[in-house]
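K.L.:
Please find one structure pasted underneath; my questions will follow.
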Amino acid sequence: TPIHERDTVLVHAAAGGVGTILIQLAKLKGAEVIAKVGRDEKRSVVNKLGADFTVNYNTSDYIEQIKHYLKGARIDISFNPVAGGTFKKDMNILGSGGRMVLFGGSELSRGKWGLFSKINFVRKMGVILPIKLMINSKSIIGVNMLKIADNKPKVLESCLKASVSLCQRGKITPKIG
Numbered sequence: 658t659p660i661h662e663r664d665t666v667l668v669h670a671a672a673g674g675v676g677t678i679l680i681q682l683a684k685l686k687g688a689e690v691i692a693k694v695g696r697d698e699k700r701s702v703v704n705k706l707g708a709d710f711t712v713n714y715n716t717s718d719y720i721e722q723i724k725h726y727l728k729g730a731r732i733d734i735s736f737n738p739v740a741g742g743t744f745k746k747d748m749n750i751l752g753s754g755g756r757m758v759l760f761g762g763s764e765l766s767r768g769k770w771g772l773f774s775k776i777n778f779v780r781k782m783g784v785i786l787p788i789k790l791m792i793n794s795k796s797i798i799g800v801n802m803l804k805i806a807d808n809k810p811k812v813l814e815s816c817l818k819a820s821v822s823l824c825q826r827g828k829i830t831p832k833i834g
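Residue numbering for the sequence shown follows my numbering, starting at 658 and increasing by one per position.
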């Protein structure tokens, strides 16, 4: 999904590999970045990359922290690899024209109860009706890189070349570890 100048972007798992790149790409586009982390020691990592506001979801509800920070405004994009219970929360804070990019379901991987965990994961996500998306002017984009690699390898190749070019020109720096 395109990031526009002055968009407010929420990045889940912001201190991870994908999260750190998303912060840098969003800042290159002139967006305001809200970085979601699980430990206070990760704040410095995302702040050095340009995050404008950092929330620790383990200290209090991240949505309440974001609402307080935004003072009634809403986010434009959520990059969410967690899904599950975070999906509904993010949808509720997305503004008109807001985009949700789902690219994982890490909440599901924490399930200890097999099929029951999977059912609960789906329950937390809820049901989305297309008419509701249209009325609220919101969109959801699901990304599975394996499917893109299998079915649209040229798209993946183009994205990888662009990423390498940004790295070579010093515009983004991958964070490893």
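Glycine included, each C-beta is placed from N, C-alpha and C at the ideal position.
Since the structure is predicted, the reported quantities are computational estimates derived from the model, not experimental observations.
Mind the definition here: the segment 688 to 695 touches the segment 784 to 796 only if three or more C-beta pairs lie below 8 Å; say whether that holds.
P.N.:
As far as the Cβ criterion goes, the segment 688 to 695 does not touch the segment 784 to 796, which means the pair count is below three.
K.L.:
Under 8 Å by Cβ, that's how I've got R731 and L759 pegged, so tell me the actual separation to the nearest angstrom.
P.N.:
Not confirmed; about 18 Å, so no contact.
K.L.:
Please report the Cβ distance between I734 and I829, rounded to the nearest whole angstrom; I am assuming they are in contact, meaning their Cβ atoms lie under 8 Å.
P.N.:
The pair is not a contact, with the Cβ atoms about 18 Å apart (cut-off 8 Å).
K.L.:
I need the straight-line Cα distance from K804 to I833, nearest angstrom please.
P.N.:
So the alpha carbons of these two residues sit roughly 25 Å apart.
K.L.:
Does the Cβ of K699 have 16 or more other Cβ atoms within 10 Å, making it buried, or fewer, making it exposed?
P.N.:
Buried, since its Cβ has 16 or more Cβ neighbours within 10 Å.
K.L.:
Could you tell me if I798 is buried or exposed, where buried requires 16 or more neighbouring beta carbons within 10 angstroms of its beta carbon?
P.N.:
Answer is exposed; the Cβ neighbour count stays below 16.
K.L.:
If you compare alpha carbons, which of T716, V703, L727 is closest to D664?
P.N.:
Comparing Cα-Cα distances from D664 to each of T716, V703, L727, the minimum goes to L727.
K.L.:
Apart from the five residues on each side of it in sequence, which residues of its chain come closer than 6 Å, Cβ to Cβ, to K781?
P.N.:
The answer, listed in chain order, is G741, G742.
K.L.:
Using CA atoms only, rank isn't needed, just tell me which of L706, H661, G687, V666 is closest to A672.
P.N.:
Minimum Cα distance to A672 is reached at L706.
K.L.:
For D709, which option in K724, I680, G729 has the closest C-alpha, if you only look at C-alpha atoms?
P.N.:
Nearest C-alpha to D709: I680.
K.L.:
Using DSSP's beta-bridge definition, name the partner residues of I744.
P.N.:
Looking at the sequence itself, residue 744 is Phe, so the reference to Ile does not match. Bridge partners of F744: none, in fact.
K.L.:
By the 10 Å Cβ neighbour count, where 16 or more other Cβ atoms means buried, how is D807 classified, buried or exposed?
P.N.:
Per the 10 Å Cβ criterion, exposed.
K.L.:
Hey, how far is the Cα of S701 from the Cα of V800?
P.N.:
The straight-line gap from Cα to Cα measures roughly 29 Å.
K.L.:
For E689, I'd like the list of residues in its chain whose CB is within less than 6 Å of its CB, leaving aside the five on either flank, ordered along the chain.
P.N.:
Closer than 6 Å at Cβ, skipping near neighbours: T665, D709.
K.L.:
Near K746, what residues of its chain come up, given a Cβ to Cβ distance below 6 Å and the 5 sequence neighbours on each side ignored?
P.N.:
Only I720 meet the Cβ criterion.
K.L.:
Name the residue from Q722, M748, S717 whose alpha carbon lies nearest to the alpha carbon of K789.
P.N.:
Looking at the Cα atoms, M748 is the closest of the given residues.
K.L.:
The beta strand (DSSP E) spanning I785 covers which residue range?
P.N.:
Run containing I785: none; DSSP gives neither H nor E here.
K.L.:
Distance check for N737 and M757, CA to CA, integer angstroms please.
P.N.:
So the two alpha carbons sit approximately 7 Å from each other.
K.L.:
If we ignore side chains and look at the alpha-carbon of each, how far apart do F744 and Q825 end up?
P.N.:
One C-alpha to the other measures close to 35 Å.
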